[in-house]
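> The listed protein sequences correspond, in order, to chains A and B. With the working numbering, letter number 79 in the first sequence gets 79, and the count goes up by one each step, no holes. With the working numbering, letter number 122 in the second sequence gets 1122, and the count goes up by one each step, no holes.
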Amino acid sequence: MNLLRGFATTLKYLFEDKVTVQYPEEERPVRERFKGRHALKRYDNGLEKCIGCALCAAACPADAIWVEAAENTDEERYSPGERYAKTYEINMMRCIFCGYCEDACPTEAIVLEHEYRLTFSDRRDSIYTKEMLIDPPPPGVPGTPQQTEPGRYTRSIPEMKDPL
Amino acid sequence: MGVTQKLGDMGVVTLRLEDAVNWARTRAMWPMLFGLACCAIEMMSAQASNYDMSRFGMELMRPSPRQSDLMIVAGRVSRKMAPVLRQLYDQMPEPKWVLSMGDCASCGGIFNNYAIVQGVDEIVPVDVYVAGCPPRPEQLIHGILTLHERVKHERITDWA
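1. State the DSSP-derived secondary structure class of arginine 124 (chain A), mapped to helix, strand or coil.
2. Which residues, in order along the stretch 122-153 of chain A, keep a beta-carbon less than 9 Å from a beta-carbon of chain B?
3. Beta carbons nearer than 7 Å to chain A: which residues of the stretch 1131-1149 of chain B have them?
4. Looking at the unbroken beta strand (DSSP E) that takes in leucine 1015 (chain B), where does it start and where does it end?
5. Give the straight-line distance between the Cα atoms of isoleucine 157 (chain A) and aspartate 1103 (chain B), rounded to the nearest whole angstrom.
6. Measuring only between beta-carbons, confirm whether serine 1106 (chain B) sits less than 8 Å from chain A.
7. What three-state label does DSSP hand asparagine 72 (chain A) in the structure shown?
8. Residues of chain A with CB closer than 8 Å to the CB of aspartate 1127 (chain B), please, in chain order.
9. Any C-beta of chain A sitting closer than 8 Å to the C-beta of glycine 1109 (chain B)?
10. For proline 61 (chain A), which residues in the same chain have their Cβ closer than 8 Å to its Cβ, ignoring the five residues on either side in sequence?
11. For the beta strand (DSSP E) that contains serine 1100 (chain B), what are its first and last residues?
12. Going residue by residue through the stretch 1044-1119 of chain B, where are the continuous alpha helix (DSSP H) segments of at least 4 residues, counting only ones entirely within it?
13. Hey, how far is the Cα of serine 1054 (chain B) from the Cα of leucine 1060 (chain B)?
14. Roughly how many whole angstroms lie between the Cα atoms of asparagine 1127 (chain B) and tryptophan 1097 (chain B)?
15. Output needed for valine 1130 (chain B): all residues of its chain with C-beta closer than 8 Å, excluding positions within five of it in sequence on either side, in chain order.
16. On the premise that glutamate 1018 (chain B) lies in contact with proline 1135 (chain B), defined as a C-beta separation below 8 Å, what is that separation, rounded to the nearest angstrom?
17. Leaving out the 5 sequence neighbours to the left and right, which residues in its chain are closer than 7 Å to glycine 1119 (chain B) when beta-carbon positions are compared?
18. Taking the beta carbon of serine 1064 (chain B) as the centre, do at least 16 other beta carbons fall within 10 Å, making it buried, or is it exposed?
19. Short of 7 Å Cβ to Cβ, which residues in the stretch 1035-1050 of chain B face chain A?
20. Consult DSSP for lysine 161 (chain A) and reduce its assignment to one of helix, strand or coil.
21. Within 10 angstroms of its Cβ, does phenylalanine 1034 (chain B) collect 16 or more other Cβ (buried), or is it exposed?
22. Which residue's Cα is closest to the Cα of methionine 89 (chain A): A:Asn45, A:Gly46, A:Pro139, A:His38?
23. Please name the residue or residues paired with alanine 85 (chain A) in a DSSP beta bridge.
24. For a contact defined as C-beta to C-beta under 7 Å, what are the partners of methionine 92 (chain A) on chain B?
25. On the three-state DSSP scale, how would you describe tyrosine 132 (chain A)?
26. Determine contact between the stretch 65-82 of chain A and the stretch 1-9 of chain A, defined as no fewer than three beta-carbon pairs at a distance below 8 Å.
27. Which of the residues in the stretch 100-121 of chain A, read from start to end, lie with their CB under 8 Å from any CB of chain B?
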């Protein structure tokens, strides 16, 4: 009798909804706050938000970020303010996706997005450079470097109307 | 799978031997149970019914190295564990592959200190590295599919 009860349980699950996610074909959406691969953001005018302050590198508990800053000029402007990130590298194998860089960033330039497929055949491929991380400029807007009028972009950090 | 041609209506399909062997290898690649830390939880999750690695012919984790083809190093490897890992790798029959799962196994991750091996490729040859701390089960499955792609491109001359 117990045997039949056991078979009945098996039979019941045969007619229920399948729980398996057929991963490569079908994907389960990640949560809103999921932290995946990083992206470097731009302003609407195409300038980079990253100002090369390296606070993210200082906050990183795994020392996965390497930032090298250089000076902006009005002829070759990458970001508002004095400096921009000339080199921005993240070692995805060191990174533990904690999001401290996101919290440390004064201009909200670095954001952890929802991409999680990070597998490498060679460990040298795990270092993501600035070109791989940065978002493309918005449509119809030139990328960086831009030539700008002098005295316009003097602040590295945008003025906030309603700071918390 | 490189099926090259179909001969008329005879119901015959020809293909290269190495393609057939590589296909067979990717479809029955038994992983060795080598969970060392929190990544093992995600490995178990990838094995369980929600993600179900047996869809890729990974029916069950073998606790014995003699019956396994793929070593999933899931978690941080301490210096004390390193000789054990190498011994288990040596006991696995050829052909064998190593998948380094998670940051700690791949390069030490957050544990940059004297006690942790800074990447298992110091000890064993690693085929695929999976980033993440710990990786999602999808990420592990993606790594396994990357490994399958690698195995499919192995040539008969490399077998020797």
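Every residue gets a Cβ at the ideal spot worked out from N, C-alpha and C, and that includes glycine. Here the structure is a predicted model, which means the values were calculated and not measured.
On the basis of the data shown:
1. Position 124 of the first sequence, counted from the first residue, corresponds to residue 124 (chain A). If DSSP states are grouped into helix, strand and coil, arginine 124 (chain A) belongs with the helices.
2. Asp122, Arg123, Asp125, Ser126
3. Ala1131, Gly1132, Cys1133, Arg1136, Glu1138, Gln1139, Ile1141, His1142, Gly1143, Leu1145, Thr1146
4. Reading the second sequence from its first residue, position 15 is the one you call residue 1015 (chain B). 1013-1015 is the extent of the beta strand (DSSP E) around leucine 1015 (chain B).
5. Locating residue 157 (chain A) in the first sequence gives position 157, where the first residue counts as 1. Locating residue 1103 (chain B) in the second sequence gives position 103, where the first residue counts as 1. Their Cα atoms are separated by approximately 33 Å.
6. Reading the second sequence from its first residue, position 106 is the one you call residue 1106 (chain B). For serine 1106 (chain B), the answer is yes, since a Cβ of chain A falls inside 8 Å of its Cβ.
7. To locate residue 72 (chain A), count along the first sequence from 1; it is residue 72. The answer is coil: DSSP assigns asparagine 72 (chain A) none of H, G, I, E or B.
8. The count along the second sequence starts at 1 and reaches residue 1127 (chain B) at position 127. Under the 8 Å cutoff, chain A gives Ser121.
9. Taking the second sequence and counting its residues from 1, the one referred to as residue 1109 (chain B) is at position 109. Chain A contact via Cβ: present.
10. By one-based count along the first sequence, residue 61 (chain A) stands at place 61. The answer, listed in chain order, is Ile96, Cys98, Tyr100.
11. Position 100 of the second sequence holds residue 1100 (chain B). Where serine 1100 (chain B) is concerned, the enclosing beta strand (DSSP E) stretches over 1097-1101.
12. 1082-1091, 1102-1107
13. For this step, residue 1054 (chain B) is matched to residue 54 along the second sequence. For this step, residue 1060 (chain B) is matched to residue 60 along the second sequence. If I take the Cα positions, the gap works out to 7 Å.
14. Locating residue 1127 (chain B) in the second sequence gives position 127, where the first residue counts as 1. Locating residue 1097 (chain B) in the second sequence gives position 97, where the first residue counts as 1. At residue 1127 (chain B) the sequence reads aspartate, which differs from the asparagine that was named. Answer to the nearest angstrom: the Cα atoms are 6 Å apart.
15. As a first step, residue 1130 (chain B) is located in the second sequence; it is residue number 130 there, counting from the start. Around valine 1130 (chain B): Leu1099, Ser1100, Met1101, Gly1102, Ser1106, Gln1139, Leu1140, His1142, Gly1143.
16. On the second sequence, residue 1135 (chain B) is found 135 positions in, with the first residue counted as 1. On the second sequence, residue 1018 (chain B) is found 18 positions in, with the first residue counted as 1. So it is not a contact: roughly 31 Å between Cβ atoms.
17. Indexing the second sequence from 1 puts residue 1119 (chain B) at position 119. Cβ within range, chain order: Ser1106, Cys1107, Gly1108.
18. Translated into the one-based positions of the second sequence, residue 1064 (chain B) becomes position 64. Serine 1064 (chain B) is exposed by the Cβ-count criterion.
19. Ser1049, Asn1050
20. As a first step, residue 161 (chain A) must be located in the first sequence, where it is residue number 161. Lysine 161 (chain A): coil per DSSP, three-state reduction.
21. Your numbering for residue 1034 (chain B) matches position 34 in the second sequence. Counting Cβ neighbours within 10 Å, phenylalanine 1034 (chain B) comes out buried, since at least 16 surround it.
22. Here residue 89 (chain A) refers to the residue found at position 89 of the first sequence. In the sequence as presented, methionine is not what sits at residue 89 (chain A); that position holds glutamate. Per the Cα distances, A:His38.
23. Your numbering for residue 85 (chain A) matches position 85 in the first sequence. Paired residues: A:Ala69.
24. Sequence index remark: in the first sequence, residue 92 (chain A) carries index 92 (1-based). Per Cβ cutoff of 7 Å: Ala1131.
25. Taking the first sequence and counting its residues from 1, one reaches residue 132 (chain A) at position 132. Inspection of the sequence shows that residue 132 (chain A) is occupied by methionine rather than by tyrosine. Looking at methionine 132 (chain A) - three-state DSSP - the assignment turns out to be helix.
26. no
27. Tyr116, Arg117, Leu118, Thr119, Phe120, Ser121
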